[in-house]
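Since the structure comes first, as structure tokens, the remarks are kept for the end.
There are 2 protein chains.
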Amino acid sequence: MASHPLDDFYAVIPAGGIGSRLWPLSRAEAPKFLHDLTGSGQTLLRDTWDRLEPLTGRDRIAVVTGRAHRAAVERELPGIADKNVILESEPRDSAAAIGLAAAILVRREPDVVIGSFAADHVIRGTNTFAFAVQQAVAVAREGYICTIGIQPSEASIGFGYIKKADELDVEGAPEAALVERFVEKPDLATAQAYFADRAYLWNAGMFITRADVLLAEIEANEPELHAGLMELAEAWDDRDRRGPVVDRVWPTIKKIAIDYAVAEPAADKGRLAVIPGHFDWDDVGDFASLAKLNSHGGKGELAILGSTARVLADSSSGIVVSQTSRVISLIGVHDIVVVDTPDALLVTTSDNAQRVKGVVDALKLTGRNDVL
Amino acid sequence: MASHPLDDFYAVIPAGGIGSRLWPLSRAEAPKFLHDLTGSGQTLLRDTWDRLEPLTGRDRIAVVTGRAHRAAVERELPGIADKNVILESEPRDSAAAIGLAAAILVRREPDVVIGSFAADHVIRGTNTFAFAVQQAVAVAREGYICTIGIQPSEASIGFGYIKKADELDVEGAPEAALVERFVEKPDLATAQAYFADRAYLWNAGMFITRADVLLAEIEANEPELHAGLMELAEAWDDRDRRGPVVDRVWPTIKKIAIDYAVAEPAADKGRLAVIPGHFDWDDVGDFASLAKLNSHGGKGELAILGSTARVLADSSSGIVVSQTSRVISLIGVHDIVVVDTPDALLVTTSDNAQRVKGVVDALKLTGRNDVL
Chain A
1 MASHPLDDFY AVIPAGGIGS RLWPLSRAEA PKFLHDLTGS GQTLLRDTWD
51 RLEPLTGRDR IAVVTGRAHR AAVERELPGI ADKNVILESE PRDSAAAIGL
101 AAAILVRREP DVVIGSFAAD HVIRGTNTFA FAVQQAVAVA REGYICTIGI
151 QPSEASIGFG YIKKADELDV EGAPEAALVE RFVEKPDLAT AQAYFADRAY
201 LWNAGMFITR ADVLLAEIEA NEPELHAGLM ELAEAWDDRD RRGPVVDRVW
251 PTIKKIAIDY AVAEPAADKG RLAVIPGHFD WDDVGDFASL AKLNSHGGKG
301 ELAILGSTAR VLADSSSGIV VSQTSRVISL IGVHDIVVVD TPDALLVTTS
351 DNAQRVKGVV DALKLTGRND VL
Chain B
1 MASHPLDDFY AVIPAGGIGS RLWPLSRAEA PKFLHDLTGS GQTLLRDTWD
51 RLEPLTGRDR IAVVTGRAHR AAVERELPGI ADKNVILESE PRDSAAAIGL
101 AAAILVRREP DVVIGSFAAD HVIRGTNTFA FAVQQAVAVA REGYICTIGI
151 QPSEASIGFG YIKKADELDV EGAPEAALVE RFVEKPDLAT AQAYFADRAY
201 LWNAGMFITR ADVLLAEIEA NEPELHAGLM ELAEAWDDRD RRGPVVDRVW
251 PTIKKIAIDY AVAEPAADKG RLAVIPGHFD WDDVGDFASL AKLNSHGGKG
301 ELAILGSTAR VLADSSSGIV VSQTSRVISL IGVHDIVVVD TPDALLVTTS
351 DNAQRVKGVV DALKLTGRND VL
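The listed protein sequences derive, respectively, from chains A and B. With UniProt numbering, the residue at position 279 of the first sequence is 279, and numbering never jumps. With UniProt numbering, the residue at position 90 of the second sequence is 90, and numbering never jumps.
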């Protein structure tokens, strides 16, 4: 690392999404990033911080989050500087969250390279992760927007893919390549073909780029969004002006994912690079992946999550998530998902894990917001 | 009914068993007979009382129960006379419970005919039930021990069977027959043969007999048990003597089911009669039968039990029993059994319903008596 100093690097952690597919564990008051989903003893947000801090130092990690989660974020990250907590009035999707951070940081530091890393993903392999980030920073300094694409460990149909194109010749980034295109979640046959062809990487939503390059790309594709973000940033560090400007501008900010506002157009122009990530990564998108993550890959195992869990299982597999001290007994249920919280209980199977979001929608429609 | 006055008839309700296969709903502090398992709005014990009271009057129904359940029984049955609550120091199985009631009642009323009816079975068809009891009383007056065997509605492998022999010629009991023998729970092929042959009835554990005939049968087969019961009964109605006699004699009382101590030996001697019961009956032995009982027979339905239940189900079948106000969400789970209580949760399937008792045993072994 001595040969790749990251003095110009700033990490940005968007901590926004609730993670509805993990209801009733994740919910508005306790979104996914505030849970320990690996049994590590700490939240995913804290895990993310701990992974980044050796690369940036504690003063160069910004978190973009909602006002409702400010206290929780500061409790989880006692080392975070006040100026690095960027509060959104309301969620406006990833282009706004990361773009705002870029616009604020570039005013403080014109040459800054930022890297955005979701607050609620799971990564194992700290050194390999760090090496990928170092390479990505080297590529970003050359004016590319650089993503880290995960080298697949199986033919997953649960993730989008990034297809690598030609290698890029950047010092300090031996694995850098251009991105040919993004691909939506494939069917199984396609996923198997992708897995056999090592040019396809999982899109993990990590973007490393000079802040000014990112903003130029937003300006080219979404000029109104860019103008709004610049106006917000210009007033941000002025205690008196921020409030009124936010109140006026925030409601006009367009909701759009960074993939569409930045990454895909940049790929089309040959300005998007990728570093393959050779570490274990999961976005823990639903209880099926949570079960897999906590069962060491074994299909017939029962994963148990929750420090107070009292589970008595007989011939059962799947996952139990317990947030209570109730005795939970399972008999002869396979690939089951049981999520036990004080006010809501979910019973489903791994195969139905993607349908959990539908329950959340139904609860909203039927007015049972007390458990959302 | 006017032509068959039942003035000499006394109902006895043994209210003892916990119903371990219905854990965590049924448990030591809240045994099966204290639950509403049909959505009727009242407990099975109360349903039993309400079925018998028109036949006997409120002053001629005795309940044999444990000391721990005295208050609950008196709360459920506010009409019960003090002398009709027969308290067991400790459970000693059905021959002791019914035999003690017989021994106490025969001293009060030498010609009494008693009928024992479990506190925790479900019966639908009050008039048909009453007609069967009237016939059984008529048969009992002739000196037979008479059972009511349920005419099967399907080829069940969950119940024992009674095989009818020759018809008996008793006035007021047109359907009376002798019992040839008892049969243990059969395999499916045998159950199908029994179902095709209308001579096989389900053993529902109902016995109607003169008390003195019952006691003579116990004396013939289990003389020590008989002696103990007579000693208890002799002191029972004497406030000063009952306590010391119970303390001395109760621990010596043999644990044996009335089937073995009375019914099977009586059948061998041609002294056991049977009246076919043409009403719906279920002993609700496990959650599979509870699900069936509450789903109107439909296999793809989801039965929901619990006055505070808040269930949101998507493509799911089976049964949810809720004793909490938690939201319970099921997605894509079939023939599932979910029992949600404040301190324990069970998740299993109908096919595994018989294994619930094993959980209770395991909880005992592992010292988790707090939820038993």
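Note that the Cβ used here is the ideal one computed from N, Cα and C, for glycine as well. Model, not experiment: these values are computed from the prediction.
{"Check": "Cα-Cα separation, residue 443 of chain A to A/ALA193", "Outcome": "Residue 443 of chain A lies beyond the stretch modelled for chain A, which goes from 1 to 372, so this question has no answer here."}
{"Check": "Nearest-angstrom Cα separation, counted from A/VAL327 out to B/LYS364", "Outcome": "13 Å"}
{"Check": "Residue interval of the alpha helix (DSSP H) (run including B/TYR194)", "Outcome": "188-196"}
{"Check": "Cβ of A/ALA362 within 8 Å of any chain B Cβ", "Outcome": "yes"}
{"Check": "Distance between B/PHE287 and B/ILE13 (C-alpha atoms, nearest Å)", "Outcome": "23 Å"}
{"Check": "Identity of the residue in B/ASP166, B/PHE131, B/GLU184, B/ALA140 nearest B/SER156 by Cα", "Outcome": "B/GLU184"}
{"Check": "3 or more residues per run - each beta strand (DSSP E) lying fully within the region 180-263 of chain B", "Outcome": "200-210"}
{"Check": "Three-state class that DSSP yields for B/ALA362 in the structure shown", "Outcome": "helix"}
{"Check": "Residue-chain proximity (A/ASN352, chain B), Cβ-Cβ < 8 Å", "Outcome": "yes"}
{"Check": "Whether B/ALA136 touches B/ILE208 by CB criterion (8 Å)", "Outcome": "yes"}
{"Check": "Residue interval of the alpha helix (DSSP H) (run including B/GLY99)", "Outcome": "93-108"}
{"Check": "Where A/GLU217 falls, given that 16 or more other Cβ within 10 Å makes a residue buried", "Outcome": "buried"}
{"Check": "Any 3 or more C-beta pairs closer than 8 Å across the region 262-277 of chain A and the region 195-212 of chain A", "Outcome": "yes"}
{"Check": "Where A/ALA28 falls, given that 16 or more other Cβ within 10 Å makes a residue buried", "Outcome": "exposed"}
{"Check": "Inter-residue Cα distance where the pair is B/VAL139 and A/ASP340", "Outcome": "55 Å"}
{"Check": "Delimiting residues of the beta strand (DSSP E) encompassing B/TRP281", "Outcome": "280-282"}
{"Check": "Nearest to B/ARG310 (by Cα), restricted to the options A/LEU293, A/ALA344, A/PHE279, A/ALA303", "Outcome": "A/ALA344"}
{"Check": "Start-to-end residues for the alpha helix (DSSP H) that takes in B/PRO54", "Outcome": "44-56"}
{"Check": "Cross-chain neighbours of A/LEU345 in chain B, by beta carbon under 8 Å", "Outcome": "ARG326, VAL327, ILE328, SER329, VAL338, ASP340, LEU345"}
{"Check": "Residue-chain proximity (B/GLY66, chain A), Cβ-Cβ < 8 Å", "Outcome": "no"}
{"Check": "Test: A/ASP314 CB closer than 8 Å to a CB of chain B", "Outcome": "yes"}
{"Check": "Coarse secondary structure for B/LYS164, derived from DSSP in three states", "Outcome": "strand"}
{"Check": "Chain-ordered chain B contacts of A/ARG355 [CB-CB under 7 Å]", "Outcome": "ASP314, ILE331, GLY332"}
{"Check": "Endpoints, beta strand (DSSP E) assigned at A/THR349", "Outcome": "344-349"}
{"Check": "Short Cβ contact (8 Å threshold) for A/ASN352 with B/GLY300", "Outcome": "no"}
{"Check": "Sufficient close CB pairs (3 or more, under 8 Å) joining the region 156-174 of chain A to the region 225-244 of chain A", "Outcome": "no"}
{"Check": "Endpoints, alpha helix (DSSP H) assigned at A/VAL133", "Outcome": "126-141"}
{"Check": "Presumed contact (8 Å Cβ cut-off) between A/LEU52 and A/LEU290, rounded CB distance", "Outcome": "Between A/LEU290 and A/LEU52 the Cβ distance is about 23 Å, and since that is not below 8 Å, they are no contact."}
{"Check": "Beta-carbon contacts of A/HIS226 that lie in its chain and below 6 Å, excluding the five residues immediately before and after", "Outcome": "ILE218, GLU219"}
{"Check": "N- and C-terminal bounds of the beta strand (DSSP E) containing A/GLU88", "Outcome": "85-88"}
{"Check": "C-alpha gap between A/ALA81 and A/ASP238, whole angstroms", "Outcome": "16 Å"}
{"Check": "Validate contact between the region 110-119 of chain B and the region 158-165 of chain B using beta carbons, cut 8 Å, 3 pairs", "Outcome": "no"}
{"Check": "Same chain, Cβ closer than 6 Å to A/LEU6, five either side skipped, listed in chain order", "Outcome": "LEU55, VAL137"}
{"Check": "Simplified DSSP assignment, three categories, for B/ARG310", "Outcome": "strand"}
{"Check": "Simplified DSSP assignment, three categories, for B/GLY17", "Outcome": "coil"}
{"Check": "Interface partners of A/GLY358 on chain B, CB under 9 Å", "Outcome": "ASP314, ILE331"}
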